[in-house]
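A.B. asks: In the working numbering, the protein residues as written are 19 to 250.
Glycine included, C-beta positions come from ideal geometry on N, C-alpha and C.
1. Can you find the residues in the same chain that come closer than 7 Å, C-beta to C-beta, to residue 70, ignoring five residues on each side of it along the sequence?
2. Are the CB atoms of residue 183 and residue 206 nearer to each other than 8 Å?
3. Are there 16 or more other CB atoms within 10 angstroms of the CB of residue 78, so buried, or fewer, so exposed?
4. Could you spell out the range, first to last residue, of the alpha helix (DSSP H) harbouring residue 156?
5. Going by other Cβ atoms of all chains shown within 10 Å of its Cβ, with 16 needed for buried, is residue 254 buried or exposed?
6. Quick check on the burial criterion: 16 or more other C-beta atoms within 10 angstroms. Buried or exposed for residue 127?
7. Residue 242: buried (16+ other C-beta within 10 angstroms of its C-beta) or exposed?
8. When the Cα of residue 99 is compared with those of 110, 72, 117, 134, which residue comes out closest?
9. Nearest by alpha-carbon distance to residue 131: which of 152, 114, 141 is it?
10. With a threshold of 6 Å on Cβ separation, who are the neighbours of residue 118 within its own chain once the five nearest residues in sequence on each side are excluded?
11. Tell me, please, which residues DSSP counts as bridged to residue 118.
12. Inspect the beta-carbon positions of residue 101 and residue 90 and report whether they are closer than 8 Å.
13. Mark residue 143 as exposed unless 16 or more other C-beta atoms lie within 10 angstroms of its C-beta, in which case mark it buried.
14. So, is residue 199 buried or exposed, given that buried needs 16 or more other C-beta atoms within 10 angstroms?
15. Can you pull the DSSP bridge partners for residue 217?
16. Since residue 234 is in the beta strand (DSSP E), which residue starts that stretch and which ends it?
17. Under a three-way DSSP split, which group does residue 24 fall into?
18. Mind checking who residue 84 pairs with in its DSSP beta bridge?
19. Less than 8 Å between C-beta atoms, sequence neighbours within five positions excluded: which residues of the same chain meet that for residue 86?
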């Protein structure tokens, strides 16, 4: 009689440590509600908290950037996290510019802004008022950016490659037959799909910018910016 295959009843291991960290605190919050923070403190052993607190002390006083980076990675590893779980890289530069208590406050602010529960050893360094100030400043900056985009909308991007090109051909020539003074002669070589490549005068280039906006789509943004500057 053939043997029936035995099903593996072991639960699948979470692929990322971040999911494990977030899932653990999410379960505590949903199960215990307002008592989640207290339950989280009780579930964490004193030995683990002391070990992570020692790493925080080393990280706060470390002046070497590479060693501080390794200590922070070790601290994240104790929490089943990594630096990639925190978006952006500007937070590391801000953290590196500070030392002592200010650096730990910056680390606690990183957890709060990422929406992750604070570890027990880092809760004492959290500054909720500063978090509110940072979020208010970000909202104000976002509003200013939207207002700037509304007042000065960006130029439409070219969907196709430029079909017209402007080349400047320059050569140095003696002035008035003397060998002391020289003049710079500039020729404007314009290529267009219909007319081909021809030399144009300055007046013809100025007239080009005063035509319909369809001509602007033929040129690259840099070429058209130069033509607009000459017409002004």
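C.D. replies: Let me lay it out:
1. Sequence index remark: in the chain shown, residue 70 carries index 52 (1-based). Sequence-distant Cβ neighbours of residue 70 in its own chain, meaning closer than 7 Å and more than five residues away, are 93, 96, 137, 139.
2. Residue 183 sits at position 165 when you count from the first residue of the chain shown. Residue 206 sits at position 188 when you count from the first residue of the chain shown. Cβ distance not < 8 Å, so residue 183 and residue 206 don't count as in contact.
3. Walking along the chain shown from the start, residue 78 turns up at place 60. In the assembly as shown, residue 78 is a buried residue. Its beta-carbon has 16 or more other beta-carbons within 10 Å.
4. Against the chain shown, residue 156 aligns to sequence position 138. Segment 146 to 169, the alpha helix (DSSP H) holding residue 156.
5. Nothing can be reported for residue 254: it is not among the residues displayed for the chain, which extend from 19 to 250.
6. Your numbering for residue 127 matches position 109 in the chain shown. Here residue 127 is buried, its C-beta having at least 16 other C-beta atoms within 10 Å.
7. As a first step, residue 242 is located in the chain shown; it is residue number 224 there, counting from the start. Flag for residue 242 reads buried.
8. Start at 1 with the first residue of the chain shown, and residue 99 comes out as number 81. For residue 99, the nearest C-alpha among the options comes from 134.
9. For the purposes of this step, residue 131 is identified with residue 113 of the chain shown, where counting begins at 1. Measuring C-alpha to C-alpha distances from residue 131 to each of 152, 114, 141 identifies 152 as the nearest.
10. Stepping through the chain shown from its first residue, residue 118 is reached at position 100. Only 78 meet the Cβ criterion.
11. Indexing the chain shown from 1 puts residue 118 at position 100. Note: residue 118 is not bridge-paired with any residue in the DSSP secondary-structure output.
12. As a position in the chain shown, residue 101 is number 83, starting the count at 1. As a position in the chain shown, residue 90 is number 72, starting the count at 1. Against a cut-off of 8 Å, the Cβ pair of residue 90 and residue 101 comes out as a contact.
13. Indexing the chain shown from 1 puts residue 143 at position 125. So residue 143 counts as buried.
14. On the chain shown, residue 199 is found 181 positions in, with the first residue counted as 1. Counting every other CB atom within 10 Å of its CB across the protein chains shown gives residue 199 a total below 16, marking it as exposed.
15. Residue mapping note: residue 217 aligns to position 199 of the chain shown, counting from 1. Per DSSP, 207.
16. Looking up residue 234 in the chain shown gives position 216. Residue 234 -> no beta strand (DSSP E), and no H or E assigned at all.
17. As a first step, residue 24 must be located in the chain shown, where it is residue number 6. Because residue 24 carries a pLDDT of 49, less than 50, the predicted location of this residue cannot be relied on, and the following value inherits that uncertainty. Residue 24: coil per DSSP, three-state reduction.
18. Working through the chain shown from its first residue, we reach residue 84 at position 66. Bridge partners of residue 84 according to DSSP: none are assigned.
19. The residue given as residue 86 occupies position 68 in the chain shown. For residue 86, where only same-chain residues beyond five positions count, the Cβ hits under 8 Å are 77, 80, 114.
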